[in-house]
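The working numbering puts the first residue of the sequence shown at -3, with every later residue one more than the last.
The beta-carbon is built from N, C-alpha and C at its ideal position, and this holds for glycine as well.
What follows is one structure encoded as structure tokens, with my remarks underneath.
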Amino acid sequence: MLPLRHIIAITQPFDRISDGRGISGQGERAMVKPLKIKPGVDEIFGTGNADKFLLSASSKNSEIVTINNFELGIDQLQYGKMNAVGYSFEWVDDGGDSQQNDLLITMGNQKVLLSNVGDQVPDPVEFDFFQGFEDDTSGVIDGGGGWFGNVTQTNTGANGIDAASGDFYGIVEQTGGSSPTGPFTRYGDRDADPFDGEYTTSIKVYLDSAADGGGGWDDGEGFDFSVAANKTDDTHLRDFIFHVTQDTSTGDLLINASNNTNFDPREDLDTLAGTATITEDGWYTFEHRFYDNGGVLAVDLNVIDEDGTIIFTKTLSDAGDDINNVGTDPRYGWFTNIDVDGGIAVDDWSLQHEQNQIQNLPLVDDIFGMG
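Written out as structure tokens, the structure reads:
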């Protein structure tokens, strides 16, 4: 915890003063309630206390000032006259909660701590592998790479499908004669080091449901998609598989999951607990989340619609999968079966490790009144 001194701030007894500047995210505001910071009390509060905090340019006050309840885009800091001011940022854990979500700002000889402001800043996503098909299909292995199946970069709008993001998506198909299968990825450079934190794989798949009045897939069509866990000796541990089938008996497009594939669309999904029914065409995110559940590997298999709603979830875990024997990367992501005429559209195929995620910094304009 930072060694805060009890010297923190208040006030000159202004009410409201005229200020012609707009505040980021709030439009034009003509009245700003300021608070001049000087030694005096333990802490100060944002928003309800003031809209703008005025820090002296004096070199005498080198202690840390803490502002609680600071709201980005509403509250502001102003340092002296803001003339050629140098400042730096550092994320710290001041609250002792093991979360580096307190922002320490250094301006000249003054230091200001914005408590818990990190909770207002969305974390950026750092991918360890990402294929959005904007430039090529690299990292996805098919028949051209000595395996099976085809992956084709496809323009947005082709086949009546707009890319999930960008200007291109991929079409994946299976090949292989009497024992066909589809493409796979190793998610970049696989590492068999011991498991060192949660990781998540994700791929978007365009599902065509007849339930919304469109054509839909033919009865009995579907695919299986597996992501496998790896062992620390770089051998296969276990598959975690999504099953998607246009069910013949019900006429519904169904989703469920298990640890096995028979390399054909499963026609029994309607008999399984927790099966989801797809009623609208669109991009659906198929997500595998691998994590340590009390010393045993567990995997959440989630399907998320375009609105961000989880429409299917299932957790698979085996008591014999000791987390100490699990590698830090997935072994592969593999379309074991694609029995859909013309293949299926995919986009934004990715892997991310939780420990590689970083906290973003808020925009400077959201913090400083630069007038």
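Query, Result
"Can you give the Cα-Cα distance for Q72 and G92, rounded to whole angstroms?", "25 Å"
"Rounded to whole angstroms, how far is the Cβ of D90 from the Cβ of L68, which I believe are closer than 8 Å?", "With a Cβ gap of about 18 Å, D90 and L68 do not count as contacting."
"With hydrogens ignored, establish whether the beta-carbon of K310 is closer than 7 Å to any heavy atom of the ligand MN.", "No copy of the ligand MN appears in this structure; indeed no ligand is present at all."
"In this structure, does DSSP put T267 in helix, strand or coil?", "helix"
"Can you check whether the CB of D301 is closer than 8 Å to the CB of G323?", "no"
"In the structure shown, what three-state DSSP assignment does G371 receive?", "Only positions -3 to 367 of the chain appear in this structure, which leaves residue 371 out of reach."
"Per DSSP, which one or two residues make a beta bridge with Q242?", "L249"
"Does the distance from the CB of V342 to the CB of Y75 come in under 8 Å?", "no"
"Beta-carbon separation of G218 and V240 under 8 Å?", "yes"
"Kindly give me the distance between the Cβ atoms of F249 and A207, rounded to whole angstroms, as I take these residues to be in contact under 8 Å.", "The sequence shown places Leu at residue 249, not Phe. Indeed they touch by this definition, with Cβ atoms about 7 Å apart."
"If we ignore side chains and look at the alpha-carbon of each, how far apart do D318 and W330 end up?", "24 Å"
"Cα separation between T228 and D296?", "21 Å"
"Quick one: what's got a C-beta closer than 6 Å to V113's C-beta in the same chain, skipping five residues either side?", "F66 and L99"
"Judging by CA-CA distance, which residue of L203, Q95 and I70 is the nearest neighbour of F282?", "L203"
"Where does N289 sit, in a helix, a strand or coil, going by DSSP?", "strand"
"Could you pull the DSSP bridge partners for K227 from this structure?", "V322"
"Counting only the same chain and skipping the five closest in sequence on each side, list residues whose C-beta sits under 7 Å from that of G128.", "S161, G162, D343 and D344"
"How is A294 classed by DSSP in three states: helix, strand or coil?", "strand"
"When you compare only the Cα positions, how much space is there between N146 and T171?", "7 Å"
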